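Okay, structure first, notes after.
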Amino acid sequence: MEASIMDGTKRRCGVVSGVSTVKNPISLARLVMEKSPHSYLGFSGAEEFAREQGVEIEENEYFITPDNVGMLKLAKESNTIMFDYRIPTAENEKSPLKMNGLPMSAYAPETVGCVVVDSEGRCAAATSTGGLMNKMSGRIGDSSIIGAGTYACEVCGVSCTGEGEAIIRGTLAREVAAVMEYKGFGLQEAVDFVIKHRLDEGQAGLIAVSSKGEVAYGYNCNGMFRGVATQDGLKEVGIWK
Ligand code: GLY
52 MEASIMDGTK RRCGVVSGVS TVKNPISLAR LVMEKSPHSY LGFSGAEEFA
102 REQGVEIEEN EYFITPDNVG MLKLAKESNT IMFDYRIPTA ENEKSPLKMN
152 GLPMSAYAPE TVGCVVVDSE GRCAAATSTG GLMNKMSGRI GDSSIIGAGT
202 YACEVCGVSC TGEGEAIIRG TLAREVAAVM EYKGFGLQEA VDFVIKHRLD
252 EGQAGLIAVS SKGEVAYGYN CNGMFRGVAT QDGLKEVGIW K
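To convert, note that position 122 of the sequence shown is 173 in this note's numbering; the numbers rise steadily by one, no gaps.
Structure, rendered in structure tokens:
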């Protein structure tokens, strides 16, 4: 598992990669930001820091669910690596209750992201993931790369999901902030621009907030699980376009 968090006001961040016993990797990422002199800890060093900090630890078995065992079997049998929200197939288009060709009941998205803005316009972003189904040992994805899967600054907070390799190549999260800063785009305009021009053949999506309190999302695949809640009581969830 890996996770990253960024506080946009101070541009502080904390990241962990390669943890396999930490119950909530995002909490460990926050401790890296707040309690270590570093920004990024990985593998045995991150596990050691977790124990030093007394975060909740689980045996490896805790993370092995029947859903994930089933998904891994499918991935191994077809010799593929499974990404979040891949392949908008003709079949998927016809059958909205399938995601990536799999029944929704069997589908397990790998990544959870969260972006927030407070009443003073301070933005933050966080992303946590198990990575990709059937990934190589040692593979690190976008979720633990600041600027790729996670970014927050004075203007916005962004968290991405999808094919990590494409998100890394496109430095997707930072690009949203960059076009706002350098082109003067609004949040949704920046998100649309980045999804259209900074993603190559990869399938991905992102959620974003701006310091003005705007909320936006975008993706180039057939669906993305998402939700929004505001202080005014707005609560919405969505999957499809
Ligand atoms: N976006 C999750 C990953 O590629 O690891």
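Beta carbons: idealized from backbone N, C-alpha and C, even for Gly. Small disclaimer: the values here were computed from a predicted structure and weren't measured.
- Membership of L92 in the beta strand (DSSP E) is indicated by the continuous run Y91 to G93.
- Here I115 is exposed, its C-beta having fewer than 16 other C-beta atoms within 10 Å.
- Of R62, G69, N111 and I218, the smallest CA-CA separation from D193 is found for I218.
- Between M184 and L238, the CB-CB gap reaches or exceeds 9 angstroms.
- Taking the Cβ of L183 as the reference point, at least one heavy atom of the ligand GLY falls within a distance shorter than 8 angstroms.
- If one requires a minimum length of 3 residues, the beta strand (DSSP E) runs lying completely within the segment 160-186 are 162-168 and 174-180, in chain order.
- In terms of Cβ geometry, E226 and V206 do not form a close pair [threshold 9 angstroms].
- In the structure shown, V279 falls within a strand segment according to DSSP collapsed to helix, strand and coil.
- In this structure, the CA atom of E107 is about 13 angstroms from the CA atom of L82.
- Assignment of A241 by DSSP, reduced to helix, strand and coil, places it in the helix class.
- Straight through space, the alpha carbons of P117 and A126 are spaced by roughly 14 angstroms.
- For E53, the Cβ falls inside the 8 angstroms cut-off from some heavy atom of the ligand GLY.
- Short of 6 angstroms from the beta carbon of E214, and not among the five residues preceding or following it, lie these beta carbons of its own chain, in chain order: F134, G253, Q254 and A255.
- Inter-residue distance for E85 and S195 is about 17 angstroms (C-alpha atoms, whole angstroms).
- The Cβ-Cβ distance between T180 and E98 does not fall below 9 angstroms.
- If you compare the alpha carbons of R220, G278, M275 and L257 with that of D251, the shortest gap goes to R220.
- Beyond the five residues adjoining it in sequence on each side, Y270 comes within less than 6 angstroms, by CB distance, of G256 in the same chain, given in chain order.
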